[in-house]
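Respectively, the protein sequence lines represent chains Z and R.
The opening position of the first sequence corresponds to residue 4 in our numbering, with each subsequent residue numbered one higher.
The opening position of the second sequence corresponds to residue 0 in our numbering, with each subsequent residue numbered one higher.
Every residue, glycine too, gets a C-beta built ideally from N, C-alpha and C.
Below is one structure, written out as structure tokens; comments come after it.
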Amino acid sequence: DAKTTQPPSMDCAEGRAANLPCNHSTISGNEYVYWYRQIHSQGPQYIIHGLKNNETNEMASLIITEDRKSSTLILPHATLRDTAVYYCIATSNTGKLIFGQGTTLQVKP
Amino acid sequence: KAGVTQTPRYLIKTRGQQVTLSCSPISGHRSVSWYQQTPGQGLQFLFEYFSETQRNKGNFPGRFSGRQFSNSRSEMNVSTLELGDSALYLCASKVDNTEAFFGQGTRLTVV
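Structure representation (structure tokens):
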């Protein structure tokens, strides 16, 4: 699975959009980009995933660059409950997820 | 629909003992994976079982083992516990080629 690189921390004002970047420059053609988040040592929660097209669900949007070397997770209206560690993972959909250090997002009132 | 259930939620063991943790996947999910989370190493993959067979394995010593039953429930065992095995152990289940769903974990403390 390709290595991913994320900033260690970010702040966002409540109600504003949170844009979390991820670099995966060595991603291969069959690898998907997955995003999970973990709130205060609970189990990680699935957010969204994509292969090459942009994706949107009720939680977030995922923008993948055309060359697939990077992506951005967008939380359109961040709330205090979105404060968490966000993990970007590139995987070929096996049962093995390689977690990096993730980005700690702090949403501030 | 019930989520991934891990038991027990908390456990305290003594060095040298062994421990067995249990994971009941979401109904219909045949893949079960285990992860260890510590403050120093983060979330690390232990192993994955699919249809009772180990399909993937992480870089952990042989003291860490697992199995999966015909109903997809899985157990992991750690023998000869060390202080460094204190961690949050997470289980995830999935249908192949889809997202994984995690349980709330078992917090193991070795004293």
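- Contact note: H52(Z) reaches chain R through E98, using a C-beta cutoff of 8 Å and chain order.
- Around the Cβ of S73(R), a 10 Å sphere holds 16 or more other Cβ atoms; the residue is buried.
- In its chain, beyond the 5 residues on either side, Q17, V18, R62, F63 and D84 have a beta carbon closer than 7 Å to the beta carbon of V77(R).
- If you ignore the 5 residues before and after A86(R), its C-beta comes within less than 7 Å of the C-beta of Q35, Q36, T37 and L107, all in its own chain and listed in chain order.
- For the options I30(Z), E69(Z) and S12(Z), the alpha carbon positioned closest to that of N22(Z) is the one of S12(Z).
- The C-beta of G18(Z) comes no closer than 8 Å to any C-beta of chain R.
- Spatial neighbours of P10(Z) in its own chain (CB-CB distance under 6 Å, excluding positions within 5 residues in sequence) are listed in chain order as T106.
- Under the criterion of beta carbons closer than 8 Å, D4(Z) and I101(Z) qualify as touching, at roughly 5 Å.
- Its chain contains T6 and E74 as the residues whose beta carbon lies nearer than 6 Å to that of S21(R), once the 5 sequence neighbours on both sides are disregarded; these appear in chain order.
- Bridge pairing for P24(Z): T75(Z) [DSSP].
- Taking all protein chains shown into account, I11(R) has fewer than 16 neighbouring C-beta atoms within 10 Å of its C-beta and is therefore exposed.
- In the DSSP assignment, Q40(R) is bridged to no other residue.
- In the same chain as N96(Z), and ignoring 5 residues on each side of it, the C-beta atoms closer than 7 Å to its own belong to Y35, in chain order.
- With a cutoff of 8 Å on beta-carbon distance, I92(Z) and Y39(Z) are scored as near each other.
- As DSSP reads the structure, Q103(R) sits in no beta bridge.
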